Amino acid sequence: MRRAVAERIAAAAHVPITEAEEALEYPPDPAFGDLAFPCFGLAKARRAPPPKVAADLAGALVASPPVEGWSAAGPYLNVRLDSSLAREVLGNVLAEDACYGGGSEGAGKTVVVDYSAPNIGKPIAFHHIRSTMIGNALVRILRARGHRVVGVNHLGDWGTQFGYLLEALAGKTPAEVRAKNVRELSALYVAGNERAKKEPAVEDAARAAFARLERGDPGSRALWEACRDVSLREFDRIYRRLGVTFEATTGESFYEPRLAPLLADLERRGIATTSQGALVVDLSADGIATPCLLRKSDGATLYATRDVAAAIYRAETYGMEQALYLTDQGQSLHFKQWFAVVRRMGFGWAAGLVHVPFGVLLIYDEAEKEWTRGKTRSGRVVLLEEVLDESVRRARALIAEKNPALPAADAVAEQVGVGAVVFNDLKNRREKEVRFRFEDALRFDGDAGPYVQNAHVRACGIFRNAGRGPEASADVSLLAEPEARAVVAQLLRFPDAVARAAREAEPCHVAGSLLEISTAFHRFYHEHRVLGGGDPRVEGARLLLVHGVRVALRNGLGLLGLAAPEEM
RNA sequence: GCGCCCGUAGCUCAGAGGAAGAGCGGCGGCCUUCUAAGCCGUUGGUCGGGGGUUCGACUCCCUCCGGGCGCGCCA
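To convert a position in the first sequence, counted from 1, into the numbering used here, add 1282.
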């Protein structure tokens, strides 16, 4: 349809069709029209004022399908399309259904998405929602655009810190450990760390305990596995609430056997050299001042070592073209460094390694009236489950107040409460720091998850009462009201928003589109009755429009990892 | 000191060469009609400052200021 319009403008203005098509943009207000052609460039070539060029074009062009009217507004030539726009958009929705918003530009491409990655032995803190839900959304968005996606949870399950845990658990049986919860394990770890600050012997003991684990001591191994099981049990409970699944959960420990051969290879090829007792890769030739450390002077491996080994393993196992790593932006240098190491090794897939950084999460401490990073002034970490529970509790109270007869109220409260928290994390550009405040994140009105869910609920409610479904034969020329046209305009943009989100690894574009669709639909809903208006043809056309909204919102919410309840 | 990210309405943020926006807050309206978690009106801006490129800059470049983060044996 853009092309058809571009052809007409190109013929009238004597410019190439592709040039006209690229210049076409969406007007800021649907009242201007469906498409707009800025006349600045043309004005320059003709040495005439842009408004005159726009007016001349509007006068020269004749309205005929699919264009209903041309109009000049200042320097813009605005184009109003006829009902074939609605026919095309709503026809696509009906045909594509659950796939509306999807695309095929990713066909044949495999992408690994590395996200969430919590640490064993510690509870999932609220800030983990960022990596987990941005990653989850990207997995779903990329998949919708045709990519083969492998979601990986790279658990932090290895390292000296587990020495403290093993020391504290000495003498316990694995069964006794399994009876504990993550909070208890975390308390032991924290206590060990505290004591180590005063007594160096504690640190030595922890290091020795981890060394035993590394050597494969069966007793240590059994305790470590018990800790892992305890953690995974709790992680799974949270992932289930969030609707998050992984194709692979391979922690750092998984790569342990591959580290020594990797380092030997790097040394043999002269890529890594010894510096101050440590094994490093000098990256000054890549414009990176600090070298990448791969082995400490005490012989222990590092984060980067395991990341390199993991990347090689994934390339061998999945044959990916691209790998996305979801972490906070503070780790940018780390990724730059080890990406460069992998390039040095000559792997073709190294060019597809991408760090997808996001801003840190700041939490507003009501008592101290200040923004803090992840924990309150008193040092208490805010847990993800606490926030989810509080949000669900508030959603439940709201249901009791507004819709006491709602069936499955608890299940819906879960969907709405969790959805509010998740949407709040995804609605803004990921690189901005997130300022989290309970009253904002747990807001159920305005630009929020429940606002979108509510629009979906309203659309579903209409079909519950309609007694008929959407029909492709509906006469969409009856959708002439500005409010209906605005809805169509937003539905048209939805697949573009998903494509852009995939291209930029930026879920907020999907969230933004959902808000726009919801706003347009809430307005339409308020202004026009769908059912019982007397004219079955109008009803049929409006039902098709409402169906479009229902499908786009359901699909979009799904892409972001939110549930789309039919009642709330 | 070097590097990366961010400065847009009172607050939280969209907009990324082309017609300054939303939510919240404040003020005022709209429920016997498909869910008022909604809708409408109103209030509110030297787009951090200054240069430059351009017909045109919130958007691109330079510089300064302010905030966040990082800069070899943590992850």
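Note that the Cβ used here is the ideal one computed from N, Cα and C, for glycine as well.
Computed from a predicted structure; not experimentally measured.
Identify, in the order they occur along the chain, each residue of the same chain with its Cβ nearer than 6 Å to the Cβ of Q1611, setting aside the five sequence neighbours on each side. As a working mapping, residue 1611 is identified with position 329 in the first sequence. These residues qualify, in order along the chain: P1639.
Alpha-carbon spacing of N1710 relative to D1547, whole angstroms: As a working mapping, residue 1710 is identified with position 428 in the first sequence. As a working mapping, residue 1547 is identified with position 265 in the first sequence. In a straight line, the C-alpha of N1710 is about 43 Å away from that of D1547.
Backbone CA spacing between G1815 and L1827 [nearest angstrom]: Sequence index remark: in the first sequence, residue 1815 carries index 533 (1-based). Sequence index remark: in the first sequence, residue 1827 carries index 545 (1-based). Their backbone Cα atoms lie some 15 Å apart in a straight line.
Are at least three pairs of beta-carbons, each pair with one atom in the stretch 1417 to 1430 and one in the stretch 1373 to 1393, less than 8 Å apart? yes
Which whole-angstrom value is the C-beta distance of F1528 and V1434, which I expect to be below 8 Å? On the first sequence, position 246 is the one that residue 1528 refers to. On the first sequence, position 152 is the one that residue 1434 refers to. Contact flag correct, Cβ pair sits at about 6 Å.
Report the three-state DSSP secondary structure of E1667 (helix, strand or coil). Taking the first residue of the first sequence as 1, we reach residue 1667 at position 385. Residue state, collapsed to three classes: helix.
To which residues does DSSP link W1653 through a beta bridge? One-based indexing of the first sequence puts residue 1653 at position 371. Note: W1653 sits in a beta bridge opposite Y1646.
If I measure Cβ to Cβ from W1440 and keep anything under 7 Å in the same chain, skipping five residues before and after, which residues do I get? Here residue 1440 corresponds to residue number 158 of the first sequence, with the count starting at 1. Excluding sequence neighbours, W1440 sits near G1533, E1534, S1535 and E1538.
Could you spell out where the beta strand (DSSP E) holding W1620 opens and where it closes? Taking the first sequence and counting its residues from 1, the one referred to as residue 1620 is at position 338. That residue, W1620, is in no beta strand (DSSP E); its alpha helix (DSSP H) goes S1614 to R1626.
When DSSP labels each residue in this structure, what does C1509 get in the three-state scheme? Within the first sequence, residue 1509 is the residue found at index 227, counting from 1. The answer is helix: DSSP assigns C1509 an H, G or I state.
When you compare only the Cα positions, how much space is there between L1615 and V1623? Along the first sequence, one-based indexing puts residue 1615 at 333. Along the first sequence, one-based indexing puts residue 1623 at 341. Spanning the two alpha carbons is a distance of roughly 12 Å.
Where D1817 and A1823 are concerned, what is the direct C-alpha to C-alpha distance, given to the nearest angstrom? Counting from 1 along the first sequence, the entry for residue 1817 is found at position 535. Counting from 1 along the first sequence, the entry for residue 1823 is found at position 541. Cα-Cα distance, rounded: 10 Å.
Three-state secondary structure (DSSP) of A1554: If you number the first sequence from 1, residue 1554 lands on position 272. Looking at A1554 - three-state DSSP - the assignment turns out to be coil, as it is neither helix nor strand.
Taking just the CA atoms, how far does L1565 sit from A1571? Walking along the first sequence from the start, residue 1571 turns up at place 289. Walking along the first sequence from the start, residue 1565 turns up at place 283. If you take the alpha carbons of A1571 and L1565, they lie about 7 Å apart.
Residues near D1727 by beta carbon distance below 8 Å, same chain, minus five either side: Stepping through the first sequence from its first residue, residue 1727 is reached at position 445. Around D1727: Y1733.
For A1342, which residues of its own chain have a beta-carbon under 7 Å away from its beta-carbon, when the five flanking residues on both sides are left out? What you label residue 1342 is simply residue 60 of the first sequence in a count that begins at 1. A1294.
Can at least three beta-carbon pairs, one atom from the stretch 1839 to 1847 and one from the stretch 1790 to 1806, be found at a separation below 8 Å? yes
Within a Cβ cutoff of 8 Å, which residues of the same chain sit near E1713, ignoring the five residues on either side of it in sequence? Translated into the one-based positions of the first sequence, residue 1713 becomes position 431. Answer for E1713: Q1611, P1639, F1640 and G1641, listed in chain order.
Residues near G1701 in its chain [Cβ-Cβ closer than 7 Å; skip 5 each side]: Locating residue 1701 in the first sequence gives position 419, where the first residue counts as 1. Excluding sequence neighbours, G1701 sits near G1731, P1732, Q1735, L1844 and A1845.
By DSSP, does L1724 sit in helix, in strand, or in coil? As a first step, residue 1724 must be located in the first sequence, where it is residue number 442. Coil.
Just how far apart, CA to CA, sit P1789 and G1838? In the first sequence, the residue the question calls residue 1789 occupies position 507. In the first sequence, the residue the question calls residue 1838 occupies position 556. Whole-angstrom Cα-Cα distance: 10 Å.
Measure how close the beta-carbons of P1310 and P1764 come, nearest whole angstrom, since I'm counting them as under 8 Å. Within the first sequence, the letter at position 28 stands for residue 1310. Within the first sequence, the letter at position 482 stands for residue 1764. That pair is no contact at about 15 Å.
Do you know how far the Cα of A1693 is from the Cα of L1643? Along the first sequence, one-based indexing puts residue 1643 at 361. Along the first sequence, one-based indexing puts residue 1693 at 411. Distance between the alpha carbons of L1643 and A1693: 28 Å.
Please confirm whether L1666 and I1411 have their CB atoms less than 8 Å apart. As a first step, residue 1666 is located in the first sequence; it is residue number 384 there, counting from the start. As a first step, residue 1411 is located in the first sequence; it is residue number 129 there, counting from the start. Yes, the pair counts as a contact, with Cβ atoms nearer than the cut-off.
I need the boundaries of the alpha helix (DSSP H) containing Q1443, first residue and last residue. In the first sequence, the residue the question calls residue 1443 occupies position 161. Q1443 to A1450 is the span of the alpha helix (DSSP H), which, as asked, contains Q1443.
Sort out for me which residues DSSP pairs E1307 with in a bridge. Taking the first residue of the first sequence as position 1, residue 1307 is located at position 25. According to DSSP, E1307 bridges with A1318.
Return the CA-CA distance between S1579 and Q1558, expressed in angstroms with no decimal places. For the purposes of this step, residue 1579 is taken as residue 297 along the first sequence, with counting starting at 1. For the purposes of this step, residue 1558 is taken as residue 276 along the first sequence, with counting starting at 1. If I take the Cα positions, the gap works out to 7 Å.
Looking at the secondary structure, which residues open and close the beta strand (DSSP E) in which G1840 lies? Walking along the first sequence from the start, residue 1840 turns up at place 558. Taken as a continuous stretch (DSSP letters only), G1840 belongs to no beta strand (DSSP E), being part of the alpha helix (DSSP H) at P1818 to L1842.
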